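See structure below.
Residue numbers (my numbering): 1 to 258.
Encoded structure:
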């Protein structure tokens, strides 16, 4: 299959080589930043493009792996009607495509990507959506050539999944960052927490997060909570986050205060 990749960021950096490895031809890589387009294009032996009007019109499918806020404007800038086109966003609806585009879809891999880390796409859930049967067959063929975990999901459900992913990934990582800062301020290494982090992640693979919840808020241990709040005195943001999460856990389990 002949593919044009729009975008040269973290996701495209992983997806394009995987698609090529599975027998597809990456015809071109588009990015507004020429350096980025050249870097990824070189990796997959494609033509680098930094102008929308230079995108070739003969590809079988165009995969739009851009930031959410850029998708609509780039789609409106197309100088031709693509044979088939899909974006990779978790939160942008399939309705974002111009009405004259007939074969449209979503090709969303549910994973976090960084250029410096390898990701095994074989295990990544691919959440697909299509405007018609033709697009469904194309997206299904591509996704199944990459992953064993492929699902067709509506835009509404995909947005809910993306919301859940923000809680499970982005917010959790921010809490790691706060924990790291707290330790650093006392000249302690973040490595101290890594066995705990690994064990916590391992536990929720075996049972529900609700059953695995532990800690002062789970027990509603107000003495410990108050001592932590004292340590956070003068730290407005951290104190607010700590208090909000404690309140949420206490409300969920409704354990009487100790």
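C-beta: ideal position from N, C-alpha, C; glycine also.
It should be emphasised that the depicted structure is a prediction, and the values quoted were computed from it without experimental measurement.
N- and C-terminal bounds of the alpha helix (DSSP H) containing residue i
i, result
"residue 126", "No alpha helix (DSSP H) contains residue 126, which is instead part of the beta strand (DSSP E) from 126-130."
"residue 247", "236-253"
"residue 135", "133-146"
"residue 173", "172-185"
"residue 231", "222-231"
"residue 156", "155-165"
"residue 199", "194-206"
"residue 115", "Unbroken run through residue 115: none, as it is neither H nor E."
"residue 189", "Looking at the DSSP string, residue 189 is not in any alpha helix (DSSP H), and its letter there is neither H nor E."
"residue 211", "209-212"
Paired residues, beta bridge with residue i - DSSP
i, result
"residue 6", "30, 64"
"residue 25", "2"
"residue 47", "28"
Cβ shell of residue i (< 6 Å), same chain only, five flanking positions each side left out
i, result
"residue 1", "24, 60"
"residue 135", "84, 103, 105"
"residue 62", "4, 82, 85"
"residue 109", "124, 126"
"residue 44", "16, 17, 20, 26"
Spatial neighbours of residue i in its chain, beta-carbon cut-off 8 Å, leaving aside the 5 residues before and after
i, result
"residue 143", "107, 126, 128, 150"
"residue 183", "189, 190, 192, 193"
"residue 120", "none"
"residue 204", "212"
"residue 122", "146, 147, 148"
"residue 40", "5, 8, 12, 13, 16, 29, 31, 46, 48"
"residue 36", "8, 9"
"residue 74", "6, 52, 64, 66"
Unbroken beta strand (DSSP E) run spanning residue i, endpoints
i, result
"residue 150", "150-152"
"residue 106", "104-109"
"residue 86", "85-87"
Residue i to residue j span [Cα, whole Å]
i, j, result
"residue 159", "residue 92", "8 Å"
"residue 162", "residue 66", "16 Å"
"residue 251", "residue 245", "10 Å"
"residue 52", "residue 79", "8 Å"
"residue 101", "residue 19", "23 Å"
"residue 95", "residue 240", "38 Å"
"residue 69", "residue 89", "10 Å"
"residue 111", "residue 87", "15 Å"
"residue 202", "residue 28", "40 Å"
"residue 214", "residue 225", "13 Å"
"residue 124", "residue 195", "24 Å"
"residue 72", "residue 243", "39 Å"
"residue 133", "residue 64", "20 Å"
"residue 16", "residue 166", "24 Å"
"residue 99", "residue 175", "42 Å"
"residue 33", "residue 222", "53 Å"
"residue 156", "residue 170", "20 Å"
"residue 58", "residue 138", "15 Å"
"residue 154", "residue 141", "18 Å"
"residue 209", "residue 172", "13 Å"
"residue 54", "residue 38", "14 Å"
"residue 118", "residue 198", "19 Å"
Close beta carbons around residue i, own chain, < 7 Å, minus the five adjacent residues each side
i, result
"residue 114", "10"
"residue 216", "224, 225"
"residue 228", "242"
"residue 238", "178, 232"
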